[in-house]
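Visitor:
Given below as structure tokens:
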């Protein structure tokens, strides 16, 4: 099979289209702005305000599994377009009523499904256009959009709610995101057979990101201990970030007397996006698990100290650290999955690993809301999250890539390794 020359224009077009899609899907991380308004204006309890967000996270994670399978079979364009339609529709349904039930169905169920389909497509597509040793960098750039979204969505949501009310804010954003995602989805594609990846070849001295050297099916992946170690670390670490993200506007009001928590949400988003890019870059040279361990320990210390953050400056610092630590997970774990289990079934395999993120949504936000309803503060939930992060850090010492297997002739000529 003849080789096709690298196409840097196409490679970067796919990458930044994926970033743009995630910039719209990242409305999830602005939920605390909606939640604060629903608690203060509509009389929801803090636990009720966590329902749509938590369900969105769970449905998001569950839909990543079939969506990843569809990406591997159908290609990224159609799947991402489906995600855009569902995401927009979910926001509009949430805007039909201020009831807990309908808002939870719209934001939690329909938008959650849209995020699963929309998020599953860009990263596996983009990394295929570049050399394997750049997985972390490219994955970080694509998913940075999801983390950065709150920089503009949080103030936009605050403006829409003040100008038009909560229901219309949902509806207007639904229309906007539907159009953006569906248009950008048309730029997604995977390289043709025989394509030579774009970028410089791997350095001879080797990078820090270990690879198994083969493609695993989902069944084969599930038979490895590495899958379960990655899953547990992902779940424990993500729960801390999701706790803060889901409650930050209310945390800032309770602990710091701040009524402009949406600004902290936007600041956290900058850290979130920066952490994805930085961790992706560092892990390509330092190694995935070494970078994970560093991130887990920093976030554990941050969570144990969060109860002491009572001034705007301290809450700002805590928000940035949370954003960076949490955001790093969203580039580290897909990159580790691709390293360990190959690219042939990348969408499906990472979709299964991503269920850990959904499980984390059942731990962090709900424990945070429950602690606040029972005690008036979030201190107990910070301690639980910090302890889980320490466990995750311990697991990094026993997590290594499956032993490399020599590439066979068929794989080498097919370009699927």
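In the working numbering, the protein residues as written are 4 to 420. C-beta: ideal position from N, C-alpha, C; glycine also.
1) Go through its chain and collect everything with a Cβ distance to residue 399's Cβ below 6 angstroms, but skip five positions before and after it.
2) Which runs of the alpha helix (DSSP H) at least 4 residues long sit entirely within the segment 50-115? Give them in chain order.
3) Excluding sequence positions up to five away, which residues of its chain have a Cβ less than 7 angstroms from the Cβ of residue 280?
4) Quick one: give me the first and last residue of the alpha helix (DSSP H) that residue 401 is part of.
5) The alpha helix (DSSP H) that contains residue 136, what's its start and end?
6) With distances taken Cα to Cα, identify the nearest neighbour of residue 119 among 102, 103, 87.
7) Let me confirm a value: residue 182 is counted as buried when at least 16 other C-beta atoms fall within 10 Å, else exposed. Which label applies?
8) Mind checking which residues open and close the alpha helix (DSSP H) that includes residue 346?
9) Check this for me: beta carbons of residue 321 and residue 275, under 8 angstroms apart or not?
10) Fully enclosed by the segment 290-349, which alpha helix (DSSP H) runs are 4 residues long or longer?
11) Need the endpoints of the alpha helix (DSSP H) that residue 378 sits in, please.
12) Give me the Cα-Cα distance between residue 350 and residue 83, rounded to the nearest whole angstrom.
13) Under 8 angstroms by Cβ, that's how I've got residue 79 and residue 132 pegged, so tell me the actual separation to the nearest angstrom.
14) Quick one: Cα of residue 188 to Cα of residue 377, how far?
15) Determine the DSSP secondary structure at residue 173, reduced to helix, strand or coil.
16) Around the Cβ of residue 367, are there at least 16 other Cβ atoms within 10 angstroms (buried) or fewer (exposed)?
17) Could you work out which residue in 406, 239, 191 is closest to residue 343 when comparing CA atoms only?
18) For the alpha helix (DSSP H) that residue 154 lies in, which residues bound it at each end?
19) Pull up the distance between the alpha-carbon of residue 229 and that of residue 217, whole angstroms please.
20) Check each candidate in 116, 52, 315 and name the one with the smallest Cα separation from residue 260.
21) Closest to residue 71 by C-alpha separation, out of 126, 273, 56, would be which residue?
22) Might you give, ordered along the chain, the residues of its own chain that have their beta carbon closer than 7 angstroms to the beta carbon of residue 339, omitting 5 neighbours on each side?
23) Within the same chain, show all residues whose beta-carbon is closer than 6 angstroms to that of residue 303, passing over the 5 residues directly before and after it, in chain order.
24) Which word fits residue 258, buried or exposed, when buried means at least 16 other C-beta atoms lie within 10 angstroms of its C-beta?
25) What residue range is occupied by the uninterrupted alpha helix (DSSP H) comprising residue 47?
26) Measure how close the beta-carbons of residue 99 and residue 116 come, nearest whole angstrom, since I'm counting them as under 8 angstroms.
27) Alpha carbons only, please: which of 128, 105, 57 is nearest the one belonging to residue 73?
28) Following the continuous alpha helix (DSSP H) through residue 231, name the residue where it begins and the one where it ends.
29) Alpha helix (DSSP H) containing residue 130: first to last residue?
30) Which of helix, strand or coil does DSSP assign to residue 26?
Guide: Let me spell this out:
1) Result list for residue 399: 292, 295, 296, in chain order.
2) Within the segment 50-115, the runs of alpha helix (DSSP H) that reach at least 4 residues and sit entirely inside it are, in chain order, 79-97, 103-106.
3) So the qualifying residues of the chain are 143, 144, 147.
4) For residue 401, no alpha helix (DSSP H) run applies, since DSSP gives it neither H nor E.
5) Per DSSP, residue 136 belongs to no alpha helix (DSSP H) and is neither H nor E.
6) That would be 87, whose Cα lies nearest to the Cα of residue 119.
7) Counting other Cβ atoms within 10 Å of its Cβ, residue 182 stays below 16 and is therefore classed as exposed.
8) The continuous stretches of alpha helix (DSSP H) do not include residue 346, and DSSP gives it neither H nor E.
9) Cβ atoms of residue 321 and residue 275: not closer than 8 angstroms.
10) List check, alpha helix (DSSP H) in window: 291-308, 315-344.
11) Unbroken alpha helix (DSSP H) run through residue 378: 358-378.
12) Pairing residue 350 with residue 83, the inter-Cα distance amounts to about 12 angstroms.
13) The C-beta distance from residue 79 to residue 132 rounds to 12 angstroms, too long to fall under 8 angstroms, and the pair is not in contact.
14) Distance between the alpha carbons of residue 188 and residue 377 is about 44 angstroms.
15) Helix at residue 173.
16) The residue in question, residue 367, is buried, as its Cβ has 16 or more Cβ neighbours within 10 Å.
17) Nearest option by C-alpha distance: 406.
18) Element bounds for residue 154: 153-167.
19) Put simply, the backbone Cα of residue 229 is about 14 angstroms away from that of residue 217.
20) Closest option to residue 260, Cα to Cα, is 315.
21) Of the candidates 126, 273, 56, the one whose C-alpha sits nearest the C-alpha of residue 71 is 126.
22) Excluding sequence neighbours, residue 339 sits near 233, 291.
23) If we look at residue 303 and ignore the five residues flanking it on each side, its Cβ neighbours are 389, 392, 393.
24) Counting the other CB atoms within 10 Å of its CB gives residue 258 a total of 16 or more, which places it among the buried residues.
25) It is not in any alpha helix (DSSP H) - residue 47 carries neither H nor E in the DSSP assignment.
26) The pair is not a contact, with the Cβ atoms about 17 angstroms apart (cut-off 8 angstroms).
27) Shortest Cα-Cα distance from residue 73 to any of 128, 105, 57 involves 128.
28) Where residue 231 is concerned, the enclosing alpha helix (DSSP H) stretches over 228-259.
29) Counting along the chain, the alpha helix (DSSP H) containing residue 130 begins and ends at 125-130.
30) Residue 26 sits in a helix when the DSSP states are folded into three classes.
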